[in-house]
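Peer 1:
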Amino acid sequence: VQKIFTKMAEFKDANIILHELEQLFNRDDDIKDILDIRKMQSEIEAQCAAHLKSTKEIIRVLAEQVAEKEAEIKAPTQAEHLAKIKSLTNKENLIQQTESISRNIDIKRQNITKMAATAINLKERAAEFNISTDMADSRTAYAISLYAKISNITWDYSLPEGKLGGCIGNECIKELKNFEMDTQNKSAFEVANSLWDMIEQNQMQEA
1 VQKIFTKMAE FKDANIILHE LEQLFNRDDD IKDILDIRKM QSEIEAQCAA HLKSTKEIIR
61 VLAEQVAEKE AEIKAPTQAE HLAKIKSLTN KENLIQQTES ISRNIDIKRQ NITKMAATAI
121 NLKERAAEFN ISTDMADSRT AYAISLYAKI SNITWDYSLP EGKLGGCIGN ECIKELKNFE
181 MDTQNKSAFE VANSLWDMIE QNQMQEA
């Protein structure tokens, strides 16, 4: 591009010289030569302009290609993109697993609380019908024994009315812990929560 501008400056100087020569030579041959030279000058100027336009177009195309290459360099590779997607997927899976475990724990707590409340009700029914020695209702006996097996609680049916007690066993450390509650001063919900706390502590020791 610099060369083209230099040549155009040279042509401008040549044009000045030609104008001076025109003043010196007024013959027909001289005028014809001058006209031919002017024609050549116009053709050369047209070629220079065309070359300048072509050069600018080439520079524009090269600039676009450089910009594209820079964008490719800055853009993450396919491997990096896949690694990022995998990381996000693992995080989502971990969140889903955590939420699932939390839901299962809540469900288990609710079930044990219900079972504890049921056990209290069965204990009261057992006291009313003196099932400590001979239970007339086999279904009630089965429910109590099933709950005792699940919770590792053994009930003490010899306690007086208004008392709930027994022992809770830990198979891992081979230990029995006695407990006793006053059901007259506690609601069924409070008793159930107390039983749940004992069962939960026992399970933590087993773990």
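Numbering (UniProt numbering), first residue to last: 1 to 207. All C-beta atoms, glycine included, are put in the ideal place defined by N, C-alpha and C. Quick caveat: nothing in here was measured; it's all calculated off a predicted structure.
Measure the alpha-carbon distance for LYS32 versus GLN47 and round it to whole angstroms.
Peer 2: In the sequence shown, counting from the first residue as 1, residue 32 sits at position 32. In the sequence shown, counting from the first residue as 1, residue 47 sits at position 47. Near 23 Å, if we compare the C-alpha coordinates of GLN47 and LYS32.
Peer 1: Please classify THR183: does DSSP put it in a helix, a strand, or coil?
Peer 2: The residue labelled residue 183 in the question sits at position 183 within the sequence shown. Three-state DSSP puts THR183 in coil, outside helix and strand.
Peer 1: Could you check if MET115 is buried or exposed, using at least 16 other CB atoms within 10 Å of its CB as the buried criterion?
Peer 2: Mapped onto the sequence shown, residue 115 falls at position 115. Under this definition MET115 is a buried residue.
Peer 1: Classify LYS174 as helix, strand or coil using the three-state DSSP reduction.
Peer 2: Translated into the one-based positions of the sequence shown, residue 174 becomes position 174. Residue state, collapsed to three classes: coil.
Peer 1: Any idea what DSSP makes of LEU195, helix, strand or coil?
Peer 2: Position 195 of the sequence shown, counting from 1, holds the residue named residue 195. In the structure shown, LEU195 sits in a helix (DSSP, three-state: H, G or I).
Peer 1: So what's LEU122 in DSSP terms, helix, strand or just coil?
Peer 2: As a position in the sequence shown, residue 122 is number 122, starting the count at 1. Note: LEU122 maps to helix in three-state DSSP.
Peer 1: Apart from the five residues just before and just after ASN178, which ones in its own chain have a Cβ nearer than 6 Å to its Cβ?
Peer 2: Numbered from 1 along the sequence shown, position 178 holds the residue referred to as residue 178. These residues qualify, in order along the chain: CYS167.
Peer 1: Buried or exposed, going by whether 16 or more other CB atoms sit within 10 Å of the CB of MET181?
Peer 2: The residue labelled residue 181 in the question sits at position 181 within the sequence shown. By the neighbour-count rule (16 or more Cβ atoms within 10 Å), MET181 is buried.
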